[in-house]
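Beneath this line is the structure, given in structure tokens, with notes to follow.
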């Protein structure tokens, strides 16, 4: 299910289900906004370890931004990064379908 749908559904459900408790966690969420969305729910901050992160941007080449070009760009970037040694790769994408399609293609 889409997270936006789930959050909207929970907002409607919570007043009718006082026994239901919801915990939302995220490293990138706007806690004030979500607190207001859920009737000023309490915000609990938990500190954690941080790790060094190197950010790299890889623009798509050419004028055609279709899905195939995006996948090819991701494959090339992953190959280059794997050649550099061990590490993890995080790719930000627009939607669930793109994420699933890319994960499926990379696992082959």
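Numbering (UniProt numbering), first residue to last: 1 to 108.
Backbone N, C-alpha and C fix where the C-beta goes; we use that ideal spot for every residue, glycine too.
Computed from a prediction, not measured in an experiment: that's the story for all the values here.
In angstroms, rounded to a whole number, what distance separates the CA positions of residue i and residue j?
| i | j | result |
| --- | --- | --- |
| residue 54 | residue 16 | 45 Å |
| residue 59 | residue 21 | 42 Å |
| residue 29 | residue 108 | 32 Å |
| residue 14 | residue 105 | 39 Å |
| residue 93 | residue 33 | 22 Å |
| residue 98 | residue 23 | 27 Å |
| residue 35 | residue 2 | 20 Å |
| residue 69 | residue 4 | 28 Å |
| residue 85 | residue 12 | 48 Å |
| residue 100 | residue 8 | 23 Å |
| residue 95 | residue 25 | 19 Å |
Provide the residue span of the alpha helix (DSSP H) that contains residue i, from first to last.
| i | result |
| --- | --- |
| residue 57 | That residue, residue 57, is in no alpha helix (DSSP H); it is neither H nor E in DSSP. |
| residue 162 | Missing from the structure shown is residue 162; the chain here goes from 1 to 108 and no further. |
| residue 48 | Counting along the chain, residue 48 falls outside any alpha helix (DSSP H), and DSSP gives it neither H nor E. |
| residue 34 | 31-37 |
Using alpha carbons as the reference points, say which of the options lies closest to residue i.
| i | options | result |
| --- | --- | --- |
| residue 89 | 23, 56 and 6 | 56 |
| residue 72 | 94, 84, 102 and 93 | 102 |
| residue 19 | 94, 86 and 10 | 10 |
| residue 27 | 50, 8 and 36 | 50 |
Might you give, ordered along the chain, the residues of its own chain that have their beta carbon closer than 8 Å to the beta carbon of residue i, omitting 5 neighbours on each side?
| i | result |
| --- | --- |
| residue 31 | 43 and 45 |
What residues in its chain sit with their C-beta under 7 Å from that of residue i, if we drop five residues either side in the sequence?
| i | result |
| --- | --- |
| residue 74 | 91 and 102 |
Here's a check: name, in chain order, each residue in its chain whose Cβ is nearer than 6 Å to the Cβ of residue i, leaving out the five neighbours to either side.
| i | result |
| --- | --- |
| residue 41 | 35 |
| residue 38 | none |
| residue 6 | none |
Count the CB pairs spanning the region 74-89 and the region 37-47 that are closer than 8 Å, and state whether there are at least three.
Segments in contact, no.
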